[in-house]
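In the working numbering, the protein residues as written are 9 to 241. Backbone N, C-alpha and C define an ideal beta-carbon position, used for all residues, glycine too.
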């Protein structure tokens, strides 16, 4: 591929099937297993209310409120006791299953990695890096990634320019040398292109009003055979 050296891959909907989200009842149940934690009955409803407020604020600024801060705010409001917020964060996302990685997508990733592409995972998530690494390791593809760029770590979400700056730094490439692959038009195609990257959309059908020069594939497994087509776009 002319000028392209690295792939930045989204996770849910691209490499994996979307996984379950957290809700107050699930979080409360996980936290009650922690030594020293005191989790009152109203923790669940308080957590859900805090989460809604923080999601609204995060969307407005493309920020990522750290999940431990969300837990801490909930604990303050309902008088829960959580001795170690980072440990609580890991406990929640150990209890809540991560997304299932698509086997064909995993095979394609390995093929691309072994052919010389620098691969970076680039996704929005509340999960800590240790949990996402565990998921990738279980699927046998952790070694395919040069780095993981997670909104939970960098503190901003796509489409914030700082997220794409972190991707470029992790890949060790200029933006124009990176192909971003994801399933969300605004965050995985429009935003990286505005930052100077190339992009491919993973979608069952081409969305209306999408620039005809954008390559659309139905599944990540189609990417290797379509890469040469990018030279003509």
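Nearest residue (CA-CA) to residue 113, options 147, 99, 132
147
Does the pairing of the stretch 202-210 with the stretch 34-45 give three or more beta-carbon distances under 8 Å?
no
Please check the pair residue 157 and residue 178, which I expect to be a contact at CB under 8 Å, by giving their CB distance rounded to whole angstroms.
Contact between residue 157 and residue 178 holds: their C-beta atoms lie close to 5 Å from each other, under 8 Å.
So is residue 108 buried or exposed if we call it buried at 16+ other beta carbons inside 10 Å?
When all chains shown are included, residue 108 counts as exposed.
Across the stretch 63-81 and the stretch 110-129, are there enough close Cβ pairs to call them in contact, namely three or more that are closer than 8 Å?
no
What do you reckon, are the CB atoms on residue 82 and residue 58 nearer than 7 Å?
yes
Using the C-alpha atoms, what's the distance from residue 150 back to residue 144?
5 Å
Taking just the CA atoms, how far does residue 17 sit from residue 141?
15 Å
Is the beta carbon of residue 14 less than 7 Å from the beta carbon of residue 185?
yes
Identify, in the order they occur along the chain, each residue of the same chain with its Cβ nearer than 8 Å to the Cβ of residue 162, setting aside the five sequence neighbours on each side.
72, 170, 171, 174
Opposing strand residues paired with residue 20 [DSSP bridges]:
24
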